[in-house]
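> Could you have a look at this structure, given as structure tokens, before my questions?
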């Protein structure tokens, strides 16, 4: 059976081909250095023939476990025949062991190692020896363990590279799809912004129906409906919409429905259909009854818009998932890479401080250690920021409050929290963007403000929300303009249609206010 291998594993196979003559040269050198005790050299020539045959077969035959096991069997029998003098040739067996790992799983490695052990025993028996009574038995046993460990490393390399290739293939496929989606998005008149598309659908319905108030609802995790866009007064009329009988009727039947709404006129529900299913509804309160024919015409006109809207929602979800995974990957890279290296460097500086007797050198070393400690502290904060994610059970307010408390504890800030959040939730991608804006604002207080107090207000009443971060630090007037973090905050706010204001606090400090929808009051 032929074994497929990605390009990186092909390079490892090339390394095996290079290592084979190198290991043989090592065996020759070891034997030459022990020529005073070695009387027979025939096994060395036989081992060279095996290595030559293995190199030739590797070029003309597929890389299989059988071929690798055959090399191990022949080499181990030759070494067994030459024991105890051929003990110096045992390192050569590492080559077919590693190749066995590259050619298959850990089970293949175990079989190849067993083949080597049996070959050693057979060769020794054929030579008239007794391996068990040899003084080198203990050392030979240790080498068998080393051979297995070498094969296991090869199997691990194969698995690691195969996983990387599989991930790379998935990333490549995802990249192609997202690239195509980006091209399509740019060709659309309003792109793939869910809020803009939802507003457009409401515009299409509001004109013909002369609505008093209307909302476009889509389903989120947990089965609740939440408003993606709305117009008119908002007095809580959308609460519990997923339990409204007329909404349920329109959703399940995929046909428009209406019902008298007391003195307010009539409530009309239009399903947003994508293929053979409903992805959302438009709920509108209208003054007059609407005929069935008019409702059917309106539903037909919203089908294309519903497809665009669902595509935009999917695009936002994919982007959020990709962003979340990338943040976690970066956190792992920083923790396992530069953070560990700086920690090791810190230990070296500590040792230098302990060993040096020169006052100037000790002072410079102490300053260097303090700077390393500061950099490591910032890295830990960055890792924490990257790993901080949205609490899908608690929501935006819970997540940002927990983050503020954690940062406050780390930076010695006194944190004042105001958390007002309704049961209904914002769209996941909107919550994620608002969370990142709030986190960046809080992080800026820790890094730059030199503040003692931090006030964080979170008010969420879908589709409206407000986050307000205030500190009593040095304020924006004394800080450099054009910081990259502020640009990212503004970009995130634009992405979800929120308004971002960053101003100086009259007393001292900075006020960061991000608001979504119609928000009244100072928060």
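Residue numbers (the working numbering): 249 to 771.
Glycine is no exception: its CB is placed at the ideal position from the N, C-alpha and C atoms.
1) With burial defined as no fewer than 16 other Cβ atoms inside 10 Å of the residue's Cβ, what is the status of residue 344: buried or exposed?
2) Check the C-beta distance from residue 357 over to residue 400 and give it rounded, since I have them as a contact under 8 Å.
3) Express the C-alpha separation of residue 579 and residue 414 in angstroms, rounding to a whole number.
4) Residue 499 lies in the alpha helix (DSSP H); which residues open and close that run?
5) Across which residues does DSSP place residue 530 in a beta bridge pair?
6) Are residue 715 and residue 763 touching if we call contact CB-CB under 9 Å?
7) What does a CB cutoff of less than 8 Å around residue 754 pick up in its chain, not counting 5 residues either side in sequence?
8) So residue 477 packs on residue 464, CB below 8 Å; how close in whole Å?
9) At the level of alpha carbons, what is the spacing between residue 534 and residue 492?
10) Here's a check: name, in chain order, each residue in its chain whose Cβ is nearer than 8 Å to the Cβ of residue 462, leaving out the five neighbours to either side.
11) Rounded to a whole number of angstroms, what is the C-alpha to C-alpha distance between residue 565 and residue 467?
12) Could you say which of 546, 324, 373 and 747 lies nearest to residue 712 if we only look at CA atoms?
13) Can you give me the C-alpha to C-alpha distance between residue 333 and residue 363, rounded to a whole angstrom?
14) Do you know how far the Cα of residue 623 is from the Cα of residue 602?
15) Does the separation of the CB atoms of residue 677 and residue 442 fall below 9 Å?
16) Would the region 642-650 and the region 664-672 be scored as touching if the rule is three or more Cβ pairs under 8 Å?
17) Assign residue 549 to one of three DSSP states: helix, strand, or coil.
18) Exposed or buried, residue 508, counting other C-beta atoms within 10 Å across all chains shown (16 or more means buried)?
19) Assuming residue 520 and residue 445 are in contact, meaning their beta carbons sit under 8 Å apart, how far apart are those beta carbons, in whole angstroms?
20) In angstroms with no decimal places, state the Cα-to-Cα distance between residue 342 and residue 736.
21) Roughly how many angstroms separate the alpha carbons of residue 251 and residue 289, rounded to a whole number?
22) My parser needs the alpha helix (DSSP H) runs of 4 or more residues fully inside the region 634-718; what are they?
23) For residue 372, count neighbouring Cβ atoms within 10 angstroms of its own Cβ and tell me buried if that reaches 16, exposed if not.
24) Which of the three DSSP states, helix, strand or coil, is assigned to residue 511?
25) Please determine, among 765, 315 and 761, the residue with the shortest C-alpha to C-alpha distance to residue 347.
26) Report the option in 693, 589, 525 and 320 whose CA atom is closest to the CA atom of residue 659.
27) In whole angstroms, give me the CA-to-CA distance for residue 525 and residue 569.
28) Residue range of the alpha helix (DSSP H) that residue 524 falls in?
29) Go ahead and pull the three-state DSSP assignment for residue 337.
30) Which parts of the region 579-622 are runs of the alpha helix (DSSP H), unbroken and 4 residues or longer, counting only runs that do not cross its ends?
31) How would you write the range of the alpha helix (DSSP H) that residue 753 sits in, first residue to last?
32) Nearest-angstrom Cα distance between residue 648 and residue 687?
33) Confirm, please, whether the CB-CB distance from residue 325 to residue 278 is below 9 Å.
34) When DSSP builds the beta bridges, which residues end up paired with residue 474?
35) Determine the DSSP secondary structure at residue 485, reduced to helix, strand or coil.
Let's see:
1) So residue 344 counts as buried.
2) That belief holds up - the Cβ atoms of residue 357 and residue 400 are roughly 6 Å apart, short of 8 Å.
3) Caution applies to residue 414, whose pLDDT of 48 falls short of 50 and renders its modelled position unreliable; the value that the coordinates give is listed next. Computed Cα separation, rounded: 22 Å.
4) Start and end: 493-501.
5) Paired residue(s): 464 and 518.
6) It is a contact, given that the beta carbons lie within the stated cut-off.
7) Correct list: empty, nothing qualifies.
8) With a contact defined as Cβ atoms closer than 8 Å, residue 477 and residue 464 qualify at about 5 Å.
9) Taking the straight line joining both Cα atoms gives about 17 Å.
10) If you ignore the 5 residues before and after residue 462, its C-beta comes within less than 8 Å of the C-beta of 450, 453, 454, 478, 479, 480, 530, 531, 532 and 533, all in its own chain and listed in chain order.
11) Residue 565 and residue 467: Cα-Cα distance of roughly 13 Å.
12) Checked all of 546, 324, 373 and 747; the closest Cα to residue 712 is 747.
13) Taking the straight line joining both Cα atoms gives about 21 Å.
14) Each residue's alpha carbon lies about 22 Å from the other.
15) A distance below 9 Å separates the beta carbons of residue 677 and residue 442.
16) The region 642-650, when compared against the region 664-672, does touch it at the 8 Å Cβ threshold.
17) Three-state DSSP puts residue 549 in a helix.
18) Classification of residue 508: exposed, given that the 10 Å Cβ count is below 16.
19) The Cβ separation is near 11 Å, so there is no contact.
20) Computed Cα separation, rounded: 53 Å.
21) Caution is warranted here: a pLDDT of 39 is assigned to residue 251, below 50, making its placement in the model unreliable, and the coordinate value is therefore given only provisionally. Approximately 36 Å between the Cα atoms of the pair.
22) For the region 634-718, whole alpha helix (DSSP H) runs of length 4 or above, ordered along the chain, are 644-659 and 676-692.
23) Residue 372 comes out buried.
24) Reduced to three states, the DSSP call for residue 511 is helix.
25) For the residues 765, 315 and 761, the minimum Cα distance to residue 347 belongs to 315.
26) Residue 659 has its Cα closest to that of 693, out of 693, 589, 525 and 320.
27) One C-alpha to the other measures close to 24 Å.
28) Bounds of any alpha helix (DSSP H) do not take in residue 524, whose DSSP letter is neither H nor E.
29) In the three-state DSSP reduction, residue 337 falls in the helix class (H, G or I).
30) Unbroken alpha helix (DSSP H) stretches of 4 residues or longer found wholly inside the region 579-622: 588-603, given in chain order.
31) Per DSSP, residue 753 belongs to no alpha helix (DSSP H) and is neither H nor E.
32) Put simply, the backbone Cα of residue 648 is about 7 Å away from that of residue 687.
33) Against a cut-off of 9 Å, the Cβ pair of residue 325 and residue 278 comes out as no contact.
34) In DSSP, residue 474 forms a bridge with 466.
35) Residue 485 falls in the coil class under three-state DSSP.
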